[in-house]
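>
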Amino acid sequence: MMDMRKKESSGEAHHGRLESELQQWPVQLHLVPPSAPYFKGADLLISADCVPFTYAGFHQDLLKGKALAIACPKLDDIESYSEKLQEIMRINNPKSVTVAIMQVPCCGGLYQMVKGAAATVGYKGLVKGIVIGINGEILKEI
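Mapping to our numbering: the sequence shown position 93 is 95, numbers consecutive.
1) If we count the other Cβ atoms within 10 Å of its Cβ and call it buried at 16 or more, is P96 buried or exposed?
2) For G118, name the three-state secondary structure that DSSP assigns.
3) Starting from the C-beta of L141, find all residues in its chain whose C-beta is less than 8 Å away, skip the five residues before and the five after it, and write them out in chain order.
4) Once DSSP output is grouped into helix, strand and coil, what is the label at E143?
5) Which residue wins for smallest C-alpha separation from S82, given the options S49, A119, L70, D51?
6) Going by C-alpha to C-alpha distance, which of L24, V123, R7 sits closest to I72?
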C-alpha cells in the first residue's frame, strides 16, 4: 500500500473540457466480440485496467485513434483472453498492437500474453509495449 496524495497540484490546470477518445463500447476484453467492425485493420490498444486511472494522458497519448480492449492479468482469466486475442488478430489483422501496462510485476503477464497470441496466429506487425509508473509517468517502451 502506498499513500501518494500530493500537498498541492503538480500538473497544469486544464481550462475547458477534454474530449474522450473512446471510439467503441464495450471495452472489457471478456465482453468485446472478436468480429466487431471497429477491430478490422485497426490500431489496437490492449490496456491493463489500472493504466487509464494512473496515466493522466491516456486518452490523448495512448487511446486516440485506436480500438481498445482492457484486461487485468492478475484478476482475470488470462488463458481465455489469449484465445480471444488470437481470434481478434486472426479475423481483423490489426494495423498495429500496443500494450499499455503498469510497472507492477503482475502486469508483465499481459504484455507476454499479447505477444504470445500474436506469435500463435502469425501476426507480422510489431507488438509495442508501454510501461506506466505508479506515479503516472511513462517509464519506458518495450
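Note that beta-carbon positions come from the ideal geometry of N, C-alpha and C, so glycine has one too.
On the basis of the data shown:
1) buried
2) Helix at G118.
3) Q105, V133, I134, G135
4) strand
5) A119
6) L24
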